[in-house]
Every structure is written in C-alpha cells, then in structure tokens.
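Take 1 as the starting number for the sequence shown in the UniProt record's numbering and just add one per residue.
Every residue gets a Cβ at the ideal spot worked out from N, C-alpha and C, and that includes glycine.
Before any comments, here is the structure.
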Amino acid sequence: MAKYIGLDLGSKTVGIATSEGYFSNPKETIRFQEYNFLEAVNKLDIFLKKEGFEKIAIGYPKNMNGSTGERVEMVEEFIKIMLEQNLVIEEQIERVDERLTTRMAKQIMISADLSRKKQKENKDQLAAKLILETYLNSIK
C-alpha cells in the first residue's frame, strides 16, 4: 500500500501525519525559526528519508470565499523550496483545501478534554491528520 504524508504548514511549525492506507495517524510537529522554510524543509527531509512516502498532501489555506492570500503564498514558497532541494517532484504534491481544519482540530481536542498545553503541542499534527484524511477520502 502507498504511503502518504499530510502536512499542515504554519509560520513556525509543520504538523505531520502519515498513512499507509485509509487511516491516518498524527506523527510529529517540526519547529523552526519563524518563516525559515529552508530550515523546515531540511528537518522534514530527515523525517521523509526515515519514513518514505509516495505522495504529500499539504494543506492549502484558501480564504473562506475561495480566494488565495498570504497563507497560500507561504505554502507555495515552502513547496518551491522542497522542489529546489530535490525533496519531492511536483507530481508527488497534492494541494488540499484546508479551510477549517485547524478549527476542527481544536474542537476535537476540546471534546477530548485535553489541557491547553496538550492542545498547543498536538494541534498542528492533528490538523495534518485531517488534511491527509481529506486527501485520502478524495481518492477512494
């Protein structure tokens, strides 16, 4: 079965989830200097070499009206660096509409009665899990 990676990119973190089928698992959160996407890509490279993958589903944060803005530009810059560093080829990248995934992740953690500290530690990888599940559901 193919291995898929889900990514939720922020200005200082990348949440990561993995899947080897139709179930995804939150894995970890990579932290980096704010907007230093080269540092983030280098850290992600270590993870990807260890895990292996076929496709990466990366959250594509469109505005609620479907337009794009600064956050989409940030994701495109991150993708550009991944391509320049030969981490991936374009065909391995799937841009996934991530509207509301962070909000959904927070609601799930509140429902699970996680402390604020645990919520902060886990929100990015849980958002990555939701992004990956969205992608997996689209290819069923």
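At the level of alpha carbons, what is the spacing between I81 and L38? Along the sequence shown, read from residue 1 onward, the residue named residue 81 stands at position 81. Along the sequence shown, read from residue 1 onward, the residue named residue 38 stands at position 38. Within the model, the alpha-carbon separation for I81 versus L38 is close to 7 Å.
Can you tell which of Q33, E91, Y35 has its C-alpha closest to the C-alpha of F53? Translated into positions along the sequence shown, residue 53 becomes position 53. The residue with the shortest Cα to Cα distance from F53 is E91.
Decide if F32 is buried, meaning its Cβ has at least 16 other Cβ atoms within 10 Å, or exposed. By one-based count along the sequence shown, residue 32 stands at place 32. Flag for F32 reads buried.
Extent of the continuous beta strand (DSSP E) to which N25 belongs: Here the question's residue 25 lines up with position 25 in the sequence shown. Counted as a single uninterrupted DSSP element, the beta strand (DSSP E) harbouring N25 occupies residues 24–31.
Where A128 and K3 are concerned, what is the direct C-alpha to C-alpha distance, given to the nearest angstrom? The count along the sequence shown starts at 1 and reaches residue 128 at position 128. The count along the sequence shown starts at 1 and reaches residue 3 at position 3. In this model, A128 and K3 are separated by some 15 Å (Cα to Cα).
Taking the continuous alpha helix (DSSP H) assigned at L38, which residues delimit it? As a working note, residue 38 is residue 38 in the sequence shown. Run containing L38: 37–51, per the alpha helix (DSSP H) assignment.
Please confirm whether L9 and M74 have their CB atoms less than 9 Å apart. Indexing the sequence shown from 1 puts residue 9 at position 9. Indexing the sequence shown from 1 puts residue 74 at position 74. Judged by their CB atoms, L9 and M74 are nearer to each other than the 9 Å cut-off.
Can you tell me whether G15 sits near the ligand SAH, meaning its C-beta is under 8 Å from at least one heavy atom of the ligand? Of the ligands one can find in the structure shown there are none, so the ligand SAH has no counterpart to examine.
7 Å Cβ shell around E34 - same chain, five flanking residues per side excluded: As a position in the sequence shown, residue 34 is number 34, starting the count at 1. A distance below 7 Å between beta-carbons, with the five flanking residues on each side excluded, links E34 to the following residues of its chain, in chain order: S11, K12.
Within the continuous alpha helix (DSSP H) that includes K80, where are the two ends? If you number the sequence shown from 1, residue 80 lands on position 80. The continuous alpha helix (DSSP H) containing K80 extends over residues 70–84.
Nearest-angstrom beta carbon gap, Q85 and residue 203 [assumed within contact, 8 Å]: As shown, the chain starts at 1 and ends at 140. That puts residue 203 outside it, with no answer to give.
Excluding the five sequence neighbours on either side, which residues of its own chain have a C-beta within less than 6 Å of the C-beta of Y135, listed in chain order? Residue mapping note: residue 135 aligns to position 135 of the sequence shown, counting from 1. Around Y135: A57, E94, V96.
Give me the Cβ distance between E133 and S24, rounded to the nearest whole Å; I'm assuming they're in contact under 8 Å. Counting from one through the sequence shown, the residue named residue 133 turns up at place 133. Counting from one through the sequence shown, the residue named residue 24 turns up at place 24. Rounded, the Cβ-Cβ distance is 5 Å, consistent with contact.
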